[in-house]
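Below is one structure; the comments refer to it alone.
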Amino acid sequence: MKKVAFEVALKGKKQIAKGTMAFVFEKPKGFHFRAGQHIRMTLIGPPASPPAEQSEAARETDSEGNSRFFSLANSPQEKELVIALRMRDTAFKRTLRNMQIGDKVRIEILLDSPHGSFAMHDDSSIPAVFLIGGIGIVPAFSMIKDAIERKLPHKIFLFYSNRRPEDAAFLGELKNLAKQNPSFKLISTMTEVQKSAVAWRGETGYIDYEMLKRYVDDLKSPIYYISGLPEMVSSMKTMLTDEGISENNIRAEEFTGFNLNEIQNSTNQNRKSHFALIAVVLVIFVVAVLHFFAASSVFKSGIDTPFLKNPIFYFMIVLILIVIPFKFKHLLGFMNSKRKK
90 MKKVAFEVAL KGKKQIAKGT MAFVFEKPKG FHFRAGQHIR MTLIGPPASP PAEQSEAARE
150 TDSEGNSRFF SLANSPQEKE LVIALRMRDT AFKRTLRNMQ IGDKVRIEIL LDSPHGSFAM
210 HDDSSIPAVF LIGGIGIVPA FSMIKDAIER KLPHKIFLFY SNRRPEDAAF LGELKNLAKQ
270 NPSFKLISTM TEVQKSAVAW RGETGYIDYE MLKRYVDDLK SPIYYISGLP EMVSSMKTML
330 TDEGISENNI RAEEFTGFNL NEIQNSTNQN RKSHFALIAV VLVIFVVAVL HFFAASSVFK
390 SGIDTPFLKN PIFYFMIVLI LIVIPFKFKH LLGFMNSKRK K
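The numbering used here applies: residue 90 is where the sequence shown begins, and numbers increase by one.
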C-alpha cells in the first residue's frame, strides 16, 4: 500500500462541545481521501523522550509518542481538513491545543486504504443506519455530509447517543442537515439528561432495539454503521445479532480516545495472512511428500502387509486431522473478510 505525507498548517480551532475541540488545517493540493477515512498525524518539534523526572503535566510528549490516528470530520468536497477530539489531559493533546495559527503538523494517509468496512455502501435501495456514541460521530459526520453533498439517494438514519446535549459534538450542524434533507433522519438521545443545564425534548436513555423500531420500518434490511467506545460498539453489535441481524450488514469502528492503531493493525493482519498462506502451502507440500513416501513404503513392503503395522500411516492420519481444520478455518476467515469489504 502506498502512503503519502504532507505538512499542513493550523488555520483555526474552537470548542464544539463540552470538553471537545475541532482543529482546522489547510488542505494540501493533491490530498484526496474517502469519507470516514483515517489519517495519521505527527506533531513536529516536541522531544521524543521527555525527562523522567518531569511531571506528566509538564511533558510535551508521552510514552505513546508524537503520532496519533484520527478520522477526518469534513467531507472530501470541503476545502479544509477538520479533526475533532475529546480534550483529555495528555501531552499530545496539550501540545495540539497550544498550537498557534500557522504552526504545522505532519499528516499521512494510505492510498488504496484497506478500511473498506466504514464506507457508505453503493446500493441506494438499502438504508444506512448509524448507531453512534459520543466522539464516534466524527467519521459518521464526514460520511453523512459526503452523501448529502453528492446527492446520494440513500435513506439515512442517525441514532446519536451522548450523556448531555452540551456533550454532543456537531449536534447543531446535524440538526440543520436533517431539516434541509428529508432523506436524513436524526434521532439524538441523552443518557444523563438530568445532569444537563440545557432543556431536552428528544429521546432519553441508551440506544436499544425498541428505539430503533420506533423509527426504522424494516430493521432486517439496512446496513448498520456503529462507531464509539469499544464497549458501546460491542453492545450494539450484540443487540443487533441477538435480534437476527446478519453480521454481513454490520460495520463497526471503535474509538479509544483517538489513540487509534487500526492502520498498523491492518498492515499486521495482512502480514499474518501472508504468513498463514505460506504455512498452508508448506503443509500441503509436506503432506504430499509424506504421502509419496507412505505409498513407496506400501509398495516395497507388499500389498498384503497390514496398514496397522506401518507407523507412517499413523503419522499421516494425525497430520491430516490437524491440517484439515486449520485449512478450513483459514478459508472461512478469508471468505468472511472478503464478504465484509
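Virtual Cβ for every residue (Gly too), placed ideally from N, Cα, C.
- For Glu292, the secondary structure class from DSSP, reduced to helix, strand or coil, is strand.
- For Asp211, the closest C-alpha among the options Ala106, Lys100, Ile334, Pro311 is that of Pro311.
- Beta bridge pairing from DSSP links Ser160 with His127.
- Here Asn251 carries a strand assignment [DSSP, helix/strand/coil].
- Across the set Glu167, Leu200, Gln166, Arg186, the C-alpha of Leu200 shows the shortest separation from the C-alpha of Ile128.
- From the listed residues Glu342, Ile334, Leu185, Leu329, the smallest Cα separation to Ser160 is found for Glu342.
- As the crow flies, the alpha-carbon of Pro117 is around 14 Å from that of Asn163.
- In its chain, beyond the 5 residues on either side, Lys92, Ala94, Arg129 have a beta carbon closer than 6 Å to the beta carbon of Glu197.
- Minimum Cα-Cα distance from Asp256 among the listed residues Glu96, Lys234, Val282 corresponds to Val282.
- Under DSSP, Arg195 takes part in a beta bridge, and its partners are Glu96, Thr131.
- If you ignore the 5 residues before and after Ile315, its C-beta comes within less than 6 Å of the C-beta of Leu220, Val322, Met325, Ala341, all in its own chain and listed in chain order.
- Of all alpha-carbon atoms in Lys182, Met176, Leu132, Pro271, the one lying nearest the alpha-carbon of Ser156 is that of Leu132.
- Counting along the chain, Ala208 sits inside no beta strand (DSSP E), nor does DSSP assign it H or E at all.
- Annotation for Ala217: the continuous beta strand (DSSP E) segment containing it runs 217-222.
- Contact between Ile276 and Phe248 holds: CB atoms are separated by about 5 Å, below the 8 Å threshold.
- Here Met110 has Lys102, Lys103, Gln104, Ala173, Leu174, Met176, Arg186 as same chain residues with Cβ atoms under 8 Å from its own Cβ, once five neighbours each way along the sequence are excluded.
- Within the same chain, Cβ atoms closer than 8 Å to the Cβ of Gly291 are found at Ile276, Ser277, Thr278, Met279, the five residues on either side in sequence being excluded.
- The residue from Thr179, Lys234, Gly125 with its alpha-carbon nearest to that of Gln269 is Lys234.
- Beyond the five residues adjoining it in sequence on each side, Arg239 comes within less than 7 Å, by CB distance, of no other residue in the same chain.
- Only exposed fits Gln166, as fewer than 16 other CB atoms lie within 10 angstroms of its CB.
- Excluding residues up to 5 positions away in sequence, Gly222, Thr278, Ile296 lie with their Cβ nearer than 6 Å to the Cβ of Ser250 in the same chain.
- Rounded to whole angstroms, the separation of the alpha carbons of Gly154 and Thr179 is 11 Å.
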